[in-house]
DNA sequence: CTCGGTGCAAAAGTTTTGCAATATG
DNA sequence: CATATTGCAAAACTTTTGCACCGAG
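Chains as they are written, first to last, in the working numbering: chain A, 86 to 241; chain B, 86 to 241.
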């Protein structure tokens with residue numbers, strides 16, 4: 086985990102930015118909640134535990150900076166408000182999401198299934214793919230199970 | 086085009102809603118700008134030409150209603166503000182997008198390439214896919230050509 | 001008459017910005 | 001000292017909501 090911070094520090098310095106305590110606290114929050122897709126307000130609340138004086142604007146500015154450098158991804162699931170996710174080192178592309186429309190759960194798929202498609206786009210459209218985003222909306226295993234249970238009761 | 090309105094009218098009536106002049110004007114704007122991915126404000130401006138008294142809130146309410154009924158898609162490309170797109174009749178799933186990060190152009194791919202993946206998700210995750218979204222970010226043919234041209238000049 | 005739909009204005013929520021103060025090298 | 005960065009508050013922007021009113025059935 087600290088090696089992550091070190092790596093990111095190098096990326097920042099590389100571009101002429103500093104890893105301030107505020108930025109580090111923000112990063113650590115993202116690192117500790119990697120699977121949670123926090124929104125800006127949530128990041129802010131959690132960062133305040135580590136660095137109580139921080140302002141919301143600073144968190145926004147940090148997240149903006151980090152997402153410009155492709156260190157975090159800024160995603161938008163359609164509820165009003167972006168969500169933020171650390172990119173893992175070995176994951177050059179955005180990962181995919183399974184979004185449950187019943188309970189709101191977001192599951193991640195870390196595999197990259199899209200290389201063949203990207204090649205095809207390159208060929209057919211002359212479009213150079215730099216990144217992609219793939220989300221599936223539907224009903225997760227748990228909600229599906231609950232639903233079937235209810236149906237059974239209704240029948241019996 | 087009028088057959089589209091007729092079909093949508095039936096879909097609305099089916100669910101107990103009316104095709105009011107305001108809703109029809111909104112639909113016609115989307116129909117006439119099918120490839121443009123308008124945001125709410127832009128839809129509002131264009132609808133005002135057809136129905137000057139309409140209020141912005143009504144446009145929002147119409148777009149919300151139509152997207153709940155899956156007649157339009159509400160998409161979020163990351164600029165603050167949703168964009169709206171009519172779904173075509175023969176296109177049950179969201180189409181895919183090629184988004185140029187240089188010039189902002191959005192090209193559509195109408196093919197559905199994801200069925201095999203959806204089957205796999207169903208099998209591996211027990212997740213019932215109802216809809217999906219696939220966007221590629223990168224550099225479009227035109228911007229790529231411009232860039233190569235510049236590079237040539239730089240060399241010569 | 002009833003009720004869904006509308007227009008307007010106000011409110012809510014998210015994100016950005018101006019600016020003076022601060023920290024850092 | 002020069003400059004990037006921060007905190008705060010105000011502003012900007014998108015979207016939602018409350019409410020009185022209108023209009024079709």
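Even glycine gets a Cβ: it sits at the ideal position worked out from N, Cα and C.
Burial state of residue i, where buried means 16 or more other Cβ atoms lie within 10 Å
{"i": "residue 105 of chain A", "result": "exposed"}
{"i": "residue 98 of chain A", "result": "exposed"}
{"i": "residue 202 of chain A", "result": "buried"}
{"i": "residue 155 of chain A", "result": "exposed"}
Nearest to residue i (by Cα), restricted to the options the options
{"i": "residue 170 of chain A", "options": "A:213, A:125 and A:101", "result": "A:125"}
{"i": "residue 204 of chain B", "options": "B:215, B:196, B:195 and B:194", "result": "B:215"}
{"i": "residue 120 of chain B", "options": "B:221, B:107, B:200 and B:157", "result": "B:157"}
{"i": "residue 227 of chain A", "options": "A:153, A:100 and A:185", "result": "A:185"}
{"i": "residue 129 of chain B", "options": "B:141, B:116, B:97 and B:95", "result": "B:141"}
{"i": "residue 211 of chain A", "options": "B:151, B:229, B:200 and B:197", "result": "B:229"}
{"i": "residue 223 of chain B", "options": "B:90, B:234 and B:189", "result": "B:189"}
{"i": "residue 90 of chain A", "options": "A:134, A:151, A:136 and A:191", "result": "A:151"}
{"i": "residue 117 of chain A", "options": "A:102, A:100, A:135 and A:101", "result": "A:135"}
{"i": "residue 100 of chain B", "options": "B:153, B:234 and B:209", "result": "B:153"}
Nonlocal neighbours in the same chain, by C-beta distance under 7 angstroms from residue i, ignoring five residues either side
{"i": "residue 213 of chain B", "result": "207"}
{"i": "residue 144 of chain B", "result": "111, 125, 128, 129 and 132"}
{"i": "residue 96 of chain B", "result": "154 and 156"}
{"i": "residue 199 of chain B", "result": "217 and 219"}
{"i": "residue 231 of chain A", "result": "none"}
Short Cβ contact (7 angstroms threshold) for residue i with residue j
{"i": "residue 220 of chain B", "j": "residue 218 of chain A", "result": "yes"}
{"i": "residue 147 of chain A", "j": "residue 108 of chain A", "result": "yes"}
{"i": "residue 168 of chain B", "j": "residue 122 of chain B", "result": "yes"}
{"i": "residue 180 of chain B", "j": "residue 195 of chain B", "result": "yes"}
{"i": "residue 161 of chain A", "j": "residue 161 of chain B", "result": "yes"}
Residues of its chain near residue i, where Cβ-Cβ distance is below 6 angstroms and the 5 sequence neighbours each way are ignored
{"i": "residue 131 of chain B", "result": "114"}
{"i": "residue 94 of chain A", "result": "104"}
{"i": "residue 192 of chain B", "result": "183"}
{"i": "residue 102 of chain B", "result": "none"}
Residue i CB to nearest heavy atom of the ligand SAM below 6 angstroms
{"i": "residue 113 of chain B", "result": "Annotation note on the ligand SAM: not contained in the displayed structure, which lists no ligands."}
Cutoff 8 angstroms; reference residue i; Cβ partners in own chain excluding five residues on either side
{"i": "residue 225 of chain B", "result": "183, 185, 187, 188, 190 and 192"}
{"i": "residue 166 of chain B", "result": "124, 125 and 126"}
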